[in-house]
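There are 2 protein chains.
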Amino acid sequence: MNVTQDPHQRHEVKVDLMAVVAAVIDNCPRALTIKQGKALPSGPFELGHRSLQAGLRDWVEQQTGHRLGYIEQLYTFADRDRMADEPERAISISYLGLTRDERKDGQAPRDWRSWYDYFPWEDHRKGPPAILADFILPRLKVWAEGPGEEAGEERYHRIAVAFGLDGRPWNEELVLQRYELLYEAGLVDEALRGRKGSHTPPVPGRSMIADHRRILATGIARLRTKIKYRPVVFELMPPVFTLLQLQRAVEALSGRLVHKQNFRRLIEQQELVEETGETTSETRGRPAKLFRFRPVVLMERTAAGTKLPVIRA
Amino acid sequence: MNVTQDPHQRHEVKVDLMAVVAAVIDNCPRALTIKQGKALPSGPFELGHRSLQAGLRDWVEQQTGHRLGYIEQLYTFADRDRMADEPERAISISYLGLTRDERKDGQAPRDWRSWYDYFPWEDHRKGPPAILADFILPRLKVWAEGPGEEAGEERYHRIAVAFGLDGRPWNEELVLQRYELLYEAGLVDEALRGRKGSHTPPVPGRSMIADHRRILATGIARLRTKIKYRPVVFELMPPVFTLLQLQRAVEALSGRLVHKQNFRRLIEQQELVEETGETTSETRGRPAKLFRFRPVVLMERTAAGTKLPVIRA
DNA sequence: CCAATTATGCTCCGATTGAGCATATCATAT
DNA sequence: ATATGATATGCTCAATCGGAGCATAATTGG
Numbered sequence: 245m246n247v248t249q250d251p252h253q254r255h256e257v258k259v260d261l262m263a264v265v266a267a268v269i270d271n272c273p274r275a276l277t278i279k280q281g282k283a284l285p286s287g288p289f290e291l292g293h294r295s296l297q298a299g300l301r302d303w304v305e306q307q308t309g310h311r312l313g314y315i316e317q318l319y320t321f322a323d324r325d326r327m328a329d330e331p332e333r334a335i336s337i338s339y340l341g342l343t344r345d346e347r348k349d350g351q352a353p354r355d356w357r358s359w360y361d362y363f364p365w366e367d368h369r370k371g372p373p374a375i376l377a378d379f380i381l382p383r384l385k386v387w388a389e390g391p392g393e394e395a396g397e398e399r400y401h402r403i404a405v406a407f408g409l410d411g412r413p414w415n416e417e418l419v420l421q422r423y424e425l426l427y428e429a430g431l432v433d434e435a436l437r438g439r440k441g442s443h444t445p446p447v448p449g450r451s452m453i454a455d456h457r458r459i460l461a462t463g464i465a466r467l468r469t470k471i472k473y474r475p476v477v478f479e480l481m482p483p484v485f486t487l488l489q490l491q492r493a494v495e496a497l498s499g500r501l502v503h504k505q506n507f508r509r510l511i512e513q514q515e516l517v518e519e520t521g522e523t524t525s526e527t528r529g530r531p532a533k534l535f536r537f538r539p540v541v542l543m544e545r546t547a548a549g550t551k552l553p554v555i556r557a
Numbered sequence: 245m246n247v248t249q250d251p252h253q254r255h256e257v258k259v260d261l262m263a264v265v266a267a268v269i270d271n272c273p274r275a276l277t278i279k280q281g282k283a284l285p286s287g288p289f290e291l292g293h294r295s296l297q298a299g300l301r302d303w304v305e306q307q308t309g310h311r312l313g314y315i316e317q318l319y320t321f322a323d324r325d326r327m328a329d330e331p332e333r334a335i336s337i338s339y340l341g342l343t344r345d346e347r348k349d350g351q352a353p354r355d356w357r358s359w360y361d362y363f364p365w366e367d368h369r370k371g372p373p374a375i376l377a378d379f380i381l382p383r384l385k386v387w388a389e390g391p392g393e394e395a396g397e398e399r400y401h402r403i404a405v406a407f408g409l410d411g412r413p414w415n416e417e418l419v420l421q422r423y424e425l426l427y428e429a430g431l432v433d434e435a436l437r438g439r440k441g442s443h444t445p446p447v448p449g450r451s452m453i454a455d456h457r458r459i460l461a462t463g464i465a466r467l468r469t470k471i472k473y474r475p476v477v478f479e480l481m482p483p484v485f486t487l488l489q490l491q492r493a494v495e496a497l498s499g500r501l502v503h504k505q506n507f508r509r510l511i512e513q514q515e516l517v518e519e520t521g522e523t524t525s526e527t528r529g530r531p532a533k534l535f536r537f538r539p540v541v542l543m544e545r546t547a548a549g550t551k552l553p554v555i556r557a
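Chains W and F supply the protein sequences, listed in that same order. Note that the first sequence ends on residue 557 in my numbering; no numbers are left out. Note that the second sequence ends on residue 557 in my numbering; no numbers are left out.
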């Protein structure tokens, strides 16, 4: 593209497709990665691709061997790394995919990584992680008071909202806001790249190339939000499951615990599932009834609402 | 672009930006249009644009004279009209903008069109519109039973869910699903273009160029959803207003009526607003107190939730 | 048989929500 | 000035929902 720099020149742009593919494996919410967990499956939109979605599916399958089921669009953004100087830009269109790990024997294992390897502060199933009080919050407070245009009150307020300080509740949906605060505060590896000088070491949590981790945060936030009003857990569950398994999946995704009896009450009164008639005794105690999702719900899923109870304070 | 048709050739793509700009004027939800209401503000992403959002703002301002405030991304899609044959594709990135009509005297008037000019079946403030029972549903039922791969049960079910048949409640959020059903059924002008032969005339409601009306439907659906859990009405209200004005705005957007006393209770208990101390007697009856949104809420808007009560069945 | 473990049923209570009655305060017509 | 119509605003009541916990049932492993 040798285009003169006329500002009104229409120009063409490279398009990248990228996927956050989520599954729950071993009671752990995971994302499908490549490059030893350093990147999300992604690739350029090519002439041979019938559509954006088709292109994405091709890339994911080619890079990971995994065939996608349900996907939805996440976000489109102009890659901020390149924004500054180069006139030649790229646009990334990201998707969220929900699946199960249906690897058959003999196939290569996929690289499923726990969300919480990348965002250890997001798993509150065993209470607020210690890194929050020990590392993250103290450093954020330093940053809030430190130099900068909008330091002080304003910054502290954003932190307090995002991390649930001063009596505010922890809101598990604010994954992206929390990551972006850490980024702005220079507390994640991605924010330090290309900057000279010595920095305080980043906060715990694996990083990824470019802004893949930010996209991952966007996907997690979307799923945590959506799970509360749309029956999307379906896509993540095996065809038949116990209510406890379902509960564990929800807990894994939201990073919070749920009141068992109330969870069952809710699920049952919403008529999302039906008994198969079978029971399982894979666990130690009393055998659990097996359930499947009701076919009607699968059909009405676009419309139907699901309320999932997440324990508050 | 003279690219050989190698399917794995990476290629570059034109990017269009498009906006659904919403405001409530005269208790009527409106969108900013151009070309006598036939199109949404839109234009190509150009080299001179600092970012996608900046490009969008430029185009809207240039085409309508309106300066955008709050915007959020709606959806990105490969234009389906061009998908079929031409290898040279375009991608449209659409945004939802929320504003008020702040036209000063002397400025050219903007072309604000009522949503319900385009989607007359979406306004249920005076009960279900007659066109539904008189035109739309009968024709949809004919289509459901007519020829086609997935005719019959399946189609009927989709219609029933989207339009609230057989005891199902009307769900005001399903704007897009309803439009798409009408499109599939060949009942809107856009679906008939380029098809030969005589057709049954389309259902009432203005059409737009390309798929602009579909984007508009997407925007309306998004706003109707979002208004229920995020305090976004703010962006649409003047700095000071009465509770009834606020209620009318919500009703206009959702297309449904709201229980007055409960609406007030909800708004007040959520501490979204505060009294200014003033009252107004612009209306006939008892003067109403004036309110403004609480500054805290404006700051926490990303996080805070708003529950707006929409009357059920 | 006992202890540990998991499943499942049921109760209680406070908060939320839908619906409606009653009263207050204004403008306008008579 | 008085009645009427209109809007604003306060309050009640019942139904439902949602959070929390107790109690019981059905297993497995000593």
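Cβ coordinates follow ideal geometry from the N, Cα and C atoms, glycine included. In this text the structure is predicted, and so the values were computed from the model without any measurement.
Residues of chain W with CB closer than 8 Å to the CB of residue i, please, in chain order.
i: F:Q317; result: Y319, T320
State buried or exposed for residue i, treating a residue as buried only when at least 16 other CB atoms are found within 10 Å of its CB.
i: F:A314; result: First, the residue type needs correcting, since residue 314 of chain F is Tyr and not Ala in the sequence shown. Counting Cβ neighbours within 10 Å, F:Y314 comes out exposed, since fewer than 16 surround it.
i: W:V517; result: buried
i: F:A322; result: buried
i: W:D378; result: exposed
i: W:M245; result: Note that W:M245 has pLDDT 39, beneath the 50 cutoff, so the model's placement of it is unreliable and the number below is only indicative. Answer is exposed; the Cβ neighbour count stays below 16.
i: W:G521; result: exposed
i: F:A461; result: buried
i: F:P285; result: buried
i: F:G371; result: exposed
i: F:E305; result: exposed
i: W:G449; result: buried
What's the C-alpha gap between residue i and residue j?
i: F:Q514; j: W:L381; result: 28 Å
i: F:Q280; j: F:T308; result: 12 Å
i: W:Q505; j: W:R492; result: 13 Å
i: W:A404; j: W:D410; result: 7 Å
i: W:I459; j: F:E389; result: 44 Å
i: W:N415; j: W:R468; result: 10 Å
i: F:W497; j: W:R354; result: The residue you asked about is not Trp; residue 497 of chain F is Leu in the sequence shown. Taking the straight line joining both Cα atoms gives about 46 Å.
i: W:E526; j: W:D270; result: 14 Å
i: W:G438; j: W:E290; result: 31 Å
i: F:V484; j: W:R402; result: 26 Å
i: W:I511; j: W:E417; result: 21 Å
i: W:W303; j: W:R274; result: 19 Å
i: W:A267; j: F:R311; result: 43 Å
i: W:L480; j: F:A532; result: 51 Å
i: W:P482; j: W:Q297; result: 24 Å
i: F:M452; j: W:Y360; result: 46 Å
i: W:Y339; j: W:Q317; result: 4 Å
i: F:R509; j: F:G341; result: 29 Å
i: W:T320; j: W:A334; result: 11 Å
Can you give me the start and stop residues for the beta strand (DSSP E) that residue i sits inside?
i: F:Y319; result: 314 to 322
i: F:T444; result: Looking at the DSSP string, F:T444 is not in any beta strand (DSSP E), and its letter there is neither H nor E.
i: W:V268; result: 256 to 269
i: F:Y339; result: 334 to 342
i: W:L534; result: 532 to 537
i: W:L276; result: 272 to 276
Starting from the beta carbon of residue i, find every residue of chain W whose beta carbon is closer than 7 Å, and list them in chain order.
i: F:V259; result: V257, I335
Where does the unbroken alpha helix (DSSP H) through residue i begin, and where does it stop?
i: W:P382; result: 381 to 389
i: W:T469; result: 456 to 470
i: W:L487; result: 487 to 498
i: W:A435; result: 433 to 436
i: W:A298; result: 296 to 308
i: W:V419; result: 419 to 428
i: F:E397; result: 397 to 407
i: W:R528; result: Where W:R528 is concerned, there is no enclosing alpha helix (DSSP H), given that its DSSP letter is neither H nor E.
i: W:R508; result: 504 to 513
i: W:W359; result: 359 to 362
Taking C-beta pairs closer than 9 Å, name the residues in chain F that residue i reaches, listed in chain order.
i: W:F289; result: R254, H255, V257, A322, R333, I335
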